[in-house]
Amino acid sequence: MKALRFLRILPFTALALASIWAANRAPDGRRPPQMDFTVTFETITNALTKVPHIASMVMLFILAVLATGYSRTWLAAILTFLVGVSWELVQTTVIGHNPRVVDLFPNLVGIILAWIIVSVSFFLWRSFRSRFPTYR
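Under the UniProt record's numbering, residues 1 to 136 are what the sequence shown spells out, in order.
Structure below.
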């Protein structure tokens, strides 16, 4: 059973670490740590146009749910959000990257979207299984 558990955790862990490594790459060099803490309506609406942030969070959340199980969806959400926070933190010293606090908003949108997708999928799966008892 430990091998099965390891295989469930592996995709989320590998993708999370690879994405943090990619955010930390500095082809143009390093700078002193810098973070933009500006939170206005305009910066939030601009940040919400970052589709790659949202899509990455959806994918990471689904892998986190597979790793933690459906009963621990809240843990999957926390782990996924921590990956997003780490993206911003590792970018603070990378020249060419602009780490901003408002970039956490599209991350949250991605997590919420994925949570809805997972919940609907789980509901549909359970209703399918209840209609066809031979698949149990």
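C-beta atoms are modelled at their ideal positions from N, C-alpha and C, and glycine is treated no differently.
Closest residue to residue i among the options (Cα-Cα distance)
i: Phe61; options: Leu15, Leu89 and Arg5; result: Leu15
i: Val118; options: Ala76, Thr93, His97 and Leu82; result: Ala76
i: Ala47; options: Ala114, Arg126, Val102 and Pro133; result: Val102
i: Ala79; options: Leu4, Phe12, Leu7 and Phe41; result: It is worth fixing the name first, because residue 79 is Leu in this sequence and not Ala. Checking every option, the nearest Cα to that of Leu79 belongs to Phe12.
i: Gln34; options: Thr93, Thr73, Ala67 and Arg5; result: Thr93
i: Val83; options: Ile54, Phe6 and Arg8; result: Ile54
Coarse secondary structure for residue i, derived from DSSP in three states
i: Val39; result: coil
i: Arg126; result: helix
i: Arg31; result: coil
i: Arg25; result: coil
Euclidean distance between Cα positions of residue i and residue j
i: Ala23; j: Leu124; result: 36 Å
i: Val65; j: Ser86; result: 19 Å
i: Phe132; j: Val120; result: 18 Å
i: Gly29; j: Gly96; result: 9 Å
i: Pro32; j: Ala26; result: 13 Å
i: Arg5; j: Glu42; result: 44 Å
i: Ile9; j: Asn107; result: 21 Å
i: Leu113; j: Ala3; result: 30 Å
Pair within 9 Å by beta-carbon distance, residue i and residue j
i: Thr38; j: Arg100; result: yes
i: Met59; j: Ile111; result: no
i: Ile20; j: Val90; result: yes
i: Tyr70; j: Phe128; result: no
i: Trp115; j: Thr68; result: no
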